[in-house]
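Some notes on the structure that comes next.
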Amino acid sequence: MVELEQIFTKNGLIVAFLIVGILMLFFNWFSRNVLNNRIPGVALAILAALVIAYFGGEKGIASYPLFAGMALLGGSMLRDFTVVATAMGASFDELKKTGLVGVLSLFIGVSITFFIGVVIGYLMGYTDPVSLTTIGAGACTYIVGPITGSALGASTDLIAISIATGVVKTIFVTIITPIVAKRIGLDNPGSAMIFGGLIGTTSGVAAGLAATDPKLVPYGAMTATFYTGVGVLLCPSVFFVVVRLVF
Amino acid sequence: MKIYGVAFLALCFLLGQVIGQLLGKAIGIDGNVGGVGFGMLLLVIINDRLGKKYPMLQESKAGIYFWGSMYIPVVIAMSMILNVRAALSGGWVAVIVGIVATGACYFLVPVLTKWSKSGEKIS
Chain A
0 MVELEQIFTK NGLIVAFLIV GILMLFFNWF SRNVLNNRIP GVALAILAAL VIAYFGGEKG
60 IASYPLFAGM ALLGGSMLRD FTVVATAMGA SFDELKKTGL VGVLSLFIGV SITFFIGVVI
120 GYLMGYTDPV SLTTIGAGAC TYIVGPITGS ALGASTDLIA ISIATGVVKT IFVTIITPIV
180 AKRIGLDNPG SAMIFGGLIG TTSGVAAGLA ATDPKLVPYG AMTATFYTGV GVLLCPSVFF
240 VVVRLVF
Chain B
0 MKIYGVAFLA LCFLLGQVIG QLLGKAIGID GNVGGVGFGM LLLVIINDRL GKKYPMLQES
60 KAGIYFWGSM YIPVVIAMSM ILNVRAALSG GWVAVIVGIV ATGACYFLVP VLTKWSKSGE
120 KIS
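Protein sequences appear in the order of chains A and B. Here the first sequence is numbered in numbering that gives the first Met the number 0, starting from 0 and rising by one per residue. Here the second sequence is numbered in numbering that gives the first Met the number 0, starting from 0 and rising by one per residue.
In structure tokens form, the structure reads like this:
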């Protein structure tokens, strides 16, 4: 048993390959044979992964040394590398066609998300501009939140809330996207780019699109990756000034 | 050789990261702004331009496609290492803001899509 544990910890990444492979095999089978493909197997696998993460800790399942390799497979290096690789299937002409609206969707997405976040924060009892801006920024992504919060000198528990908000968003997008995809016309490169710009959270967008139609991943991811940049740019500066004027 | 494709991918990725980092510095953020996006753009553009003259060897392409197809497994692994418990215990503010603010944007997807299509017809 001790030997097995040693082998697992020593070859973390390989263990992660095996676990993810088994997980996908099972849920693809489950989706096909039990649910008649009504819910994509990938969406189920992601959902299951989130449930597994819940039973882990701060680093999800990677909190256990036995599964520490999952942090390597699911870390930002391989995530970004594989996202870039998906661009191989993207068409340059499609990108050009939706380019301008894609950029516009970024600004609209960040603004709307931020201000709805601020309003809800206000309704739930936060009144000072720093807290409100931090909460609104957290609604953008879990990176925009803490960057904005620390720039404005918000307290650590507020920053924790803003990170939590961003994580909730990622999870929500991951689960809900394949379910509503048809209804919002998310079935072509153009709408995928607009979707990526409006929603932001690269991991959520790409995971949601992967479960919807893997061909759309590069288009959504392409715009989504600029979202955090736009958010980090606007939230602690222009948006904070606006919030301070109002509250 | 598959490694040629993977190396080309790595080059685009790293160049994108450099651009993103410089952009971040230029606007005064200690972070990477759109590095992944620039990497993707580079890959698409170089492939589009050079691909016509020198079609990348099929074997080299296979290297890139392999990593592209690893995307979904990576996402599943990523989901397994998220701090889900903290997200749920961040209180109702986090849950409500996260869902409502995001949900609102979903309604805009068809609006902007329609808008971009009508714009196309005019121009």
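Yeah, the Cβ is synthetic: ideal placement off N, Cα and C, and Gly gets one too. All figures in this text were calculated on a predicted structure; none of them were measured in a lab.
(request) Take Ser122 of chain B and list the residues in its own chain whose beta-carbon comes closer than 7 Å to its own, dropping the five residues that flank it on each side. (result) Bear in mind that a pLDDT of 41 at Ser122 of chain B, under 50, signals an unreliable position, so the number given afterwards is only what the model happens to contain. Within the same chain, no Cβ atom closer than 7 Å to the Cβ of Ser122 of chain B is found once the five residues on either side in sequence are excluded.
(message) Looking at the strands, I want to know which residues DSSP matches up with Gly56 of chain A.
(response) Per DSSP, A:Gly59.
(request) Identify the contact partners of Ile2 of chain B in chain A, using a Cβ-Cβ distance below 7 Å as the criterion. (result) Neighbours of Ile2 of chain B on chain A: none; closest Cβ ~14 Å, over 7 Å.
(message) Quick check on the burial criterion: 16 or more other C-beta atoms within 10 angstroms. Buried or exposed for Asp92 of chain A?
(response) For Asp92 of chain A, the number of other beta carbons within 10 angstroms of its own is below 16, and it is reported as exposed.
(message) Which residues in chain B have a C-beta closer than 9 Å to the C-beta of Glu57 of chain A? List them in chain order.
(response) Residues of chain B with a Cβ closer than 9 Å to the Cβ of Glu57 of chain A are, in chain order, Asn82, Arg84 and Ala85.
(message) Contact criterion: CB-CB distance below 8 Å. Does Pro217 of chain A meet it with respect to chain B?
(response) At least one chain B Cβ lies under 8 Å of Pro217 of chain A.
(request) Pull up the distance between the alpha-carbon of Ala159 of chain A and that of Val179 of chain A, whole angstroms please. (result) Approximately 29 Å between the Cα atoms of the pair.
(request) Check each candidate in A:Tyr218, A:Phe238 and A:Ile193 and name the one with the smallest Cα separation from Lys116 of chain B. (result) Minimum Cα distance to Lys116 of chain B is reached at A:Ile193.
(request) Could you pull out every residue in the same chain whose Cβ sits closer than 6 Å to the Cβ of Ala44 of chain A, ignoring the five residues on either side in sequence? (result) Correct list, in chain order: Leu22, Met23 and Phe26.
(request) Name the two residues that bound the continuous alpha helix (DSSP H) containing Tyr70 of chain B. (result) Tyr70 to Met79 is the extent of the alpha helix (DSSP H) around Tyr70 of chain B.
(request) Report the option in A:Arg78, A:Thr126 and A:Ala84 whose CA atom is closest to the CA atom of Leu244 of chain A. (result) Nearest option by C-alpha distance: A:Thr126.
(request) List the whole-angstrom C-beta distance separating Met69 of chain B from Thr81 of chain A, where the pair is believed to meet the contact cut-off of C-beta under 8 Å. (result) Contact between Met69 of chain B and Thr81 of chain A holds: their C-beta atoms lie close to 5 Å from each other, under 8 Å.
(message) Just to make sure I have the definition right: I need the residues of chain A whose C-beta is within less than 8 Å of the C-beta of Ala103 of chain B. Which are they?
(response) By Cβ distance, chain A contributes Ile111, Thr112 and Ile115.
(request) Please classify Asp127 of chain A: does DSSP put it in a helix, a strand, or coil? (result) In this structure, Asp127 of chain A counts as coil in the three-state DSSP scheme.
(message) Using only the alpha-carbon positions, how far apart do Thr85 of chain A and Val143 of chain A sit?
(response) Distance between the alpha carbons of Thr85 of chain A and Val143 of chain A is about 25 Å.
(message) Excluding the 5 residues flanking Thr97 of chain A on each side, which residues of the same chain have their C-beta closer than 6 Å to its C-beta?
(response) Same-chain partners within the cutoff: Gly189 and Met192.
(request) Run through the stretch 87-136 of chain A for me and flag every whole alpha helix (DSSP H) of 4 or more residues, listed as ranges in chain order. (result) Entirely contained in the stretch 87-136 of chain A, the alpha helix (DSSP H) runs reaching 4 residues are, in chain order, 91-122.
(request) Out of B:Cys104, B:Lys60 and B:Thr101, point me to the one whose CA is closest to Tyr3 of chain B's CA. (result) Residue B:Lys60 holds the alpha-carbon nearest to the alpha-carbon of Tyr3 of chain B among B:Cys104, B:Lys60 and B:Thr101.
(message) Between Tyr70 of chain B and chain A, is the shortest Cβ-Cβ distance under 8 Å, so that the two count as touching?
(response) Residue contact check for Tyr70 of chain B against chain A: a CB pair falls below 8 Å.
(request) Specify the secondary structure class of Ala209 of chain A as computed by DSSP and reduced to three states. (result) Ala209 of chain A: helix per DSSP, three-state reduction.
(request) Would you kindly report the start and end of the unbroken alpha helix (DSSP H) that includes Ser154 of chain A? (result) That residue, Ser154 of chain A, is in no alpha helix (DSSP H); it is neither H nor E in DSSP.
(request) Output yes if chain A places a C-beta closer than 8 Å to the C-beta of Ile45 of chain B; else output no. (result) Output row for Ile45 of chain B: interface = no.
(message) What residue range does the alpha helix (DSSP H) around Val237 of chain A cover?
(response) Per DSSP, Val237 of chain A is not a residue of any alpha helix (DSSP H), being assigned neither H nor E.
(message) Taking the straight line between their C-alpha atoms, what separation do you get for Cys139 of chain A and Ala223 of chain A?
(response) Answer to the nearest angstrom: the Cα atoms are 11 Å apart.
(message) When you compare the CB positions of Gly29 of chain A and Gly40 of chain A, do they come within less than 8 Å of one another, or not?
(response) The sequence given here places Phe at residue 29 of chain A; Gly does not occur at that position. The Cβ atoms of Phe29 of chain A and Gly40 of chain A lie closer than 8 Å to each other.
(request) Compute the beta-carbon to beta-carbon distance between Leu151 of chain A and Phe239 of chain A, rounded to the nearest angstrom, for a pair I have assumed lies under 8 Å. (result) Between Phe239 of chain A and Leu151 of chain A the Cβ distance is about 6 Å, and since that is below 8 Å, they are a contact.
(message) Is there a C-beta anywhere in chain A that falls below 8 Å from the one on Pro128 of chain B?
(response) Since the first and last residues shown for chain B are 0 and 122, residue 128 of chain B lies out of range.
(message) For Gly68 of chain A and Phe246 of chain A, I'd like the C-alpha separation in whole angstroms.
(response) Between the C-alpha atoms of Gly68 of chain A and Phe246 of chain A there is a straight-line separation of about 46 Å.
(message) Gly59 of chain A and Leu81 of chain B - do their beta-carbons sit closer together than 8 Å?
(response) Yes, they are a contact pair.
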